[in-house]
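Engineer: Okay, handing you the structure first.
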Amino acid sequence: MYIDPHIHMLARTTADYEAMAAAGVVAVIEPAFWIGQPRTSVGSYIDYLSTLVGWERFRAAQFGVRHYCSIGLNSKEANNERLAEAVMEILPRFLLKEGVVAVGEIGYDEQTPAEDKYFRAQLELAKELGMLVQIHTPHRDKKRGTSRSMAVCLEHKLKPDRVIVDHNNEETVREVLDLGFWAAFTIYPRTKMGNERMVEIVRQYGSDLIFINSSADWGVSDPLAVPKTAQLMRERGIAEEHVRRVTYDNALAAFAAGGQMAESHWLSPPAIDQRTLFEGNSVLRGGQEPRVETKRSAKERMLIE
Amino acid sequence: MATPAELLQRWLRRQLPGDAADWLEAQALAVGDAATDRALFLAISLVHRRIGKADLALSAADTAAAEAARPGWRPAGWSLDQAARIFLLLAAGGPAARFAERLEQLFATADVGELIAFYRGLPLYPEQPRYVERAAEGVRTNMKAVFEAVAHDNPYPAEQFSEHRWNQMVVKALFIGSTLHPIEGLERRWNRDLTRMLCDYAHERWAAGRTVSYELWRGVGHHADKAAIDDLARVFDSGAPIERQAAALALGESPHGEAASILSRDPILAAAVRGGQISWEGLAAKHLSPS
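Taken in sequence, the protein lines are chains A and B.
Under the working numbering, the first residue of the first sequence is numbered 2, with each subsequent residue one higher.
Under the working numbering, the first residue of the second sequence is numbered 52, with each subsequent residue one higher.
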């Protein structure tokens with residue numbers, strides 16, 4: 002079993018869900034982020050967040066994958082202050098929804114004053130509502146941005162074990178672990194971590210407080226990054242116990258602390274059977290038969306009925 | 052006689068642990084005279100954490116009280132969180148226009164569980180015709196559980212939908228693999244156009260080598276023209292056992308001149324229909340899901 006605790010499923014297809022379920026991914030967390038281009042009104046933000054707590058969760062369940070999300074104002078759009086103010090107004094209406102595991106992904110992009118202002122405001126909101134925080138660390142000036150993100154969390158009296166610091170690399174991991182924050186790594190081609198580097202990180206730092214995700218989205222990315230990296234770790238001689246902690250246990254421990262995610266959600270419902278999950282579905286469009294777990298030959302898989 | 056809000060409060064108080072019921076009633080008081088909707092929005096979102104999702108436990112007397120308070124209201128399948136959310140909504144009260152506006156805002160930011168609750172609450176909201184467009188939006192959903200919150204065990208569609216909307220809802224129920232028997236007013240609102248739409252749908256499915264739910268034939272008999280009678284004959288002669296029973300029932304109900312002679316082709320089924328051994332309710336109880 003795997004958990005992908007950071008993936009933007011809204012940008013992915015049902016084929017991805019099928020492949021993830023087949024590879025053993027049982028639960029995903031979709032942090033609210035931008036959508037590749039800036040939103041121009043709070044209305045489209047509301048619709049986006051509604052989709053995360055509504056349709057996307059339902060869609061995932063059709064494939065036997067449990068969908069959770071974190072809700073927040075991302076750092077890029079924090080720079081549009083008119084939009085940002087309006088989003089801050091409506092965030093409390095989403096943060097307490099079922100399956101919202103954290104305030105996130107929030108933090109810095111260019112580390113502007115506006116980003117700082119709304120990052121802090123959301124940390125206060127997390128404290129008020131007793132929620133976890135999922136932090137996006139910046140691509141540029143990463144080391145400094147990561148240190149600063151953690152310093153601001155501590156300044157706002159958030160406990161490190163209630164904060165997930167995401168998109169780490171070889172340069173940031175030491176400090177994150179030393180301060181006791183959760184250290185998440187994103188296996189994302191070209192721009193973030195490759196999975197061979199990840200194997201070496203686990204070899205060097207072990208598996209305490211460390212877990213991985215795909216952050217797959219509308220870019221060149223891989224929704225199977227977690228299971229593939231698990232396999233690579235095994236092949237390269239990482240002990241099974243560490244593999245499991247980095248690809249399942251730690252993500253579960255980190256996010257279950259918010260009270261909205263539990264192993265029983267995917268262990269107790271029936272096996273992957275779309276006729277019962279979430280009371281069936283309509284993603285399959287009227288005529289198609291629900292997918293029940295059966296073995297099909299390669300030839301059968303060619304047929305589109 | 053108790054109002055729906057009073058009944059909900061009574062049932063929740065009876066079933067919830069004391070502190071949860073206290074919390075809920077305190078929220079209801081607070082939202083009742085609130086200047087803004089913020090407290091209501093937060094309380095409704097908090098329900099899943101505070102109240103849980105166990106089934107609302109109702110006795111026969113409770114469901115009778117529901118029917119007396121609001122004819123057609125069937126809270127028997129509700130869960131505690133749904134009951135609590137509707138209780139809070141009703142407690143917030145206010146003029147009907149304000150109520151509708153507030154509910155529309157709640158719909159705009161609802162999660163799946165909330166959508167189901169708000170649609171199930173439709174028959175309890177003030178000035179019922181205000182919610183026709185909202186209910187139609189619920190029918191338009193791709194989420195089956197949300198669709199069924201409007202369509203099943205809910206008197207609202209039969210009371211408020213135009214024939215066109217009604218027919219869309221019934222056909223969609225079959226299209227998405229849902230069931231017809233929990234639809235309130237199904238037989239009363241069956242009509243000639245619906246029969247035509249359903250028969251067309253059956254032909255589409257057959258042409259694609261697929262089956263249709265036996266429930267499709269439920270109201271066809273009463274409104275059957277020659278084409279529909281031919282369809283019933285086809286199902287009666289060559290359908291699966293449950294489809295043949297359904298076709299027999301439809302033929303038994305049909306005033307069409309040819310119905311009786313088709314039915315008599317199978318004396319055993321014909322006798323079972325006349326003797327009441329087969330009924331739509333009986334078929335529904337035996338076959339909880341279609342096909």
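In this text, a Cβ means the ideal position worked out from N, Cα and C, and glycines have one as well.
Out of A:L159, A:G259, A:K118, A:V29, state which residue places its alpha-carbon closest to the alpha-carbon of L11 of chain A.
Structural biologist: Among A:L159, A:G259, A:K118, A:V29, the Cα nearest to that of L11 of chain A is on A:V29.
Engineer: Taking 8 angstroms as the threshold, find out whether the stretch 95-102 of chain B comes into contact with the stretch 136-153 of chain B through three or more Cβ pairs.
Structural biologist: In short, these stretches touch, since the Cβ pair count reaches three.
Engineer: In the DSSP assignment, what residue or residues form a beta bridge with H140 of chain A?
Structural biologist: H140 of chain A pairs with nothing; no bridge assigned.
Engineer: Find the residues of chain B that neighbour G1 of chain A, judging by a C-beta separation of less than 8 angstroms, and give them in chain order.
Structural biologist: This structure cannot speak to residue 1 of chain A, because chain A is shown only from 2 to 306.
Engineer: Where do the N-terminal and C-terminal ends of the alpha helix (DSSP H) with D73 of chain B fall, by residue?
Structural biologist: 69-83 is the extent of the alpha helix (DSSP H) around D73 of chain B.
Engineer: Quick one: which unbroken alpha helix (DSSP H) runs of 4-plus residues sit fully inside the stretch 137-197 of chain A? Chain order, please.
Structural biologist: Within the stretch 137-197 of chain A, the complete alpha helix (DSSP H) runs of at least 4 residues are 143-156, 174-180.
Engineer: With a threshold of 7 angstroms between beta carbons, is N282 of chain A in contact with chain B?
Structural biologist: Low confidence applies to N282 of chain A: its pLDDT is 34, below 50, so where it sits in the model is not reliable, and the reading given next is rough at best. Answer yes: the Cβ-Cβ gap between N282 of chain A and chain B drops below 7 angstroms somewhere.
Engineer: Does the structure place the stretch 104-124 of chain A close enough to the stretch 44-60 of chain A that three or more beta carbon pairs sit under 8 angstroms?
Structural biologist: Taking 8 angstroms as the limit for Cβ pairs, the verdict is that the stretch 104-124 of chain A does not touch the stretch 44-60 of chain A.
Engineer: Return helix, strand or coil for E280 of chain A, following the three-state DSSP convention.
Structural biologist: A caution first: E280 of chain A carries a pLDDT of 37, below 50, which makes its placement in the model too unreliable to give a value.
Engineer: Is any beta-carbon of chain B found at less than 7 angstroms from that of R175 of chain A?
Structural biologist: It does not; no Cβ of chain B falls within 7 angstroms.
Engineer: Quick one: does S76 of chain A have its CB under 7 angstroms from some CB of chain B?
Structural biologist: It does not; no Cβ of chain B falls within 7 angstroms.
Engineer: Kindly indicate the opening and closing residues of the beta strand (DSSP E) around G108 of chain A.
Structural biologist: That run of the beta strand (DSSP E) goes 101-108.
Engineer: Please list the segments of the alpha helix (DSSP H) lying wholly inside the stretch 24-69 of chain A, counting only runs of 4 or more residues, in order along the chain.
Structural biologist: List check, alpha helix (DSSP H) in window: 43-54, 56-62.
Engineer: Ordered along the chain, which non-local residues of its own chain (more than five positions away) have a Cβ less than 7 angstroms from that of W267 of chain A?
Structural biologist: So the list reads V27, A28, R67, once near-sequence residues are dropped.
Engineer: S305 of chain B and A275 of chain B: beta carbons closer than 7 angstroms?
Structural biologist: In contact: S305 of chain B and A275 of chain B (Cβ atoms closer than 7 angstroms).
Engineer: Residues of the stretch 87-121 of chain B in Cβ contact with chain A at a cutoff of 8 angstroms, in chain order, please.
Structural biologist: Listed in sequence order: R89, F92, L93, S96, L97, H99, R100.
Engineer: Could you name the residues of the same chain whose beta carbon sits closer than 6 angstroms to that of L285 of chain A, not counting the 5 residues immediately before and after it, in chain order?
Structural biologist: Reliability of the predicted coordinates at L285 of chain A is poor, the pLDDT of 39 falling under 50, and the value obtained from them is presented with this limitation in mind. Same-chain partners within the cutoff: there are none.
Engineer: How would you call Q275 of chain A, buried or exposed, if buried means at least 16 neighbouring beta carbons within 10 angstroms?
Structural biologist: Confidence in Q275 of chain A is poor, its pLDDT being 38 and thus under 50, which makes the residue's placement too unreliable to answer from.
Engineer: Is any beta-carbon of chain B found at less than 7 angstroms from that of F59 of chain A?
Structural biologist: Answer yes: the Cβ-Cβ gap between F59 of chain A and chain B drops below 7 angstroms somewhere.
Engineer: So within the stretch 197-229 of chain A, which uninterrupted beta strand (DSSP E) runs reach at least 3 residues, ignoring any that extend past its ends?
Structural biologist: Fully enclosed beta strand (DSSP E) runs of 3 or longer: 211-214.
Engineer: Could you list the residues in the stretch 40-53 of chain A with a C-beta less than 8 angstroms from some C-beta on chain B, going in chain order?
Structural biologist: Listed by position, the residues of the stretch 40-53 of chain A near chain B (Cβ gap below 8 angstroms) are I47, L50, S51.
Engineer: Under a Cβ-count criterion, where at least 16 other Cβ atoms within 10 Å of its own Cβ denotes burial, should P271 of chain A be classed as buried or exposed?
Structural biologist: Only weak support is given to the placement of P271 of chain A: the predicted model assigns it a pLDDT of 45, under 50, and the value that follows is read from those uncertain coordinates. Exposed, by the Cβ-count rule.
Engineer: Taking just the CA atoms, how far does L67 of chain B sit from Y170 of chain B?
Structural biologist: For Y170 of chain B and L67 of chain B, the distance between alpha carbons rounds to 23 angstroms.
Engineer: Any beta carbon of chain B sitting closer than 7 angstroms to that of K144 of chain A?
Structural biologist: Not one chain B Cβ lies under 7 angstroms of K144 of chain A.
Engineer: Assuming the contact rule is C-beta atoms closer than 8 angstroms, A284 of chain B and I329 of chain B should be a hit. Round their C-beta distance to whole Å, please.
Structural biologist: Contact flag wrong, Cβ pair sits at about 18 angstroms.
Engineer: Could you name the residues of the stretch 75-106 of chain A whose beta carbon sits closer than 9 angstroms to any beta carbon of chain B, in the order they occur along the chain?
Structural biologist: Those residues of the stretch 75-106 of chain A that come within reach of chain B (Cβ to Cβ, closer than 9 angstroms) are I91, P93, R94, F95, L96, L97, K98, E99, G100, V101.
Engineer: D113 of chain B lies in the alpha helix (DSSP H); which residues open and close that run?
Structural biologist: Where D113 of chain B is concerned, the enclosing alpha helix (DSSP H) stretches over 111-120.
Engineer: According to the Cβ coordinates, are L141 of chain B and I102 of chain B closer than 7 angstroms?
Structural biologist: No, they are not a contact pair.
Engineer: What are the boundary residues of the beta strand (DSSP E) that includes D5 of chain A?
Structural biologist: Per DSSP, D5 of chain A belongs to the beta strand (DSSP E) from 3-5.
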